[in-house]
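In terms of this note's numbering, the sequence shown opens at residue 1305 and continues consecutively.
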Amino acid sequence: QLKVLPLKTNVDQDCILSLSARCLLLTWRNNEKLLMRIPTHEIAAASYLRDDALHLLVLKTGLNVDSVVAEDDSLDRKKPPGNNGRCQTSSCNADPRPA
1305 QLKVLPLKTN VDQDCILSLS ARCLLLTWRN NEKLLMRIPT HEIAAASYLR DDALHLLVLK
1365 TGLNVDSVVA EDDSLDRKKP PGNNGRCQTS SCNADPRPA
């Protein structure tokens, strides 16, 4: 199953993607509430695509990813159906370069 964030986001959907030695975290920017956590050792491959102001990060993960997915604050405001997939995609319209 492929989990996709909308290509065009608004201020309510602005989020932070952070990578540490232990895991990759996706949190809301306004209250830093957790959306998703993926253990680093479960990431099999990563691809970054940039087209003008659009930035895409595609992650390929193992079959048994122990990720945590938000229940009531997901981007589409409904509970995700489960974690049976191998790929997870994130998008962000913000330019990651410092101002």
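Glycine is no exception: its CB is placed at the ideal position from the N, C-alpha and C atoms.
These numbers were taken from a predicted model, which means no experiment stands behind them.
*Verify whether the separation of the beta carbon atoms of T1331 and K1337 is less than 8 Å.*
As a position in the sequence shown, residue 1331 is number 27, starting the count at 1. As a position in the sequence shown, residue 1337 is number 33, starting the count at 1. Cβ atoms of T1331 and K1337: closer than 8 Å.
*Proximal residues to I1320 (C-beta, below 8 Å), its chain only, five neighbours per side dropped*: Position 16 of the sequence shown, counted from the start, is the residue given in the question as residue 1320. Hits under 8 Å: L1329, L1330, T1331, W1332, R1333 and E1336.
*Cut-off 6 Å between Cβ atoms - residues of its own chain near L1353, not counting five sequence neighbours on either side*: Working through the sequence shown from its first residue, we reach residue 1353 at position 49. So the qualifying residues of the chain are L1360.
*Leaving out five residues before and five after A1350 in sequence, what residues of the same chain have Cβ atoms less than 8 Å from its Cβ?*
Start at 1 with the first residue of the sequence shown, and residue 1350 comes out as number 46. So the qualifying residues of the chain are L1361, V1362, L1363 and K1364.
*Who are the near neighbours of C1327 in its chain, counting only those whose CB is closer than 8 Å to its CB and skipping five residues on each side?*
The residue given as residue 1327 occupies position 23 in the sequence shown. Taken in chain order, the residues that qualify are R1341, I1342, P1343 and T1344.
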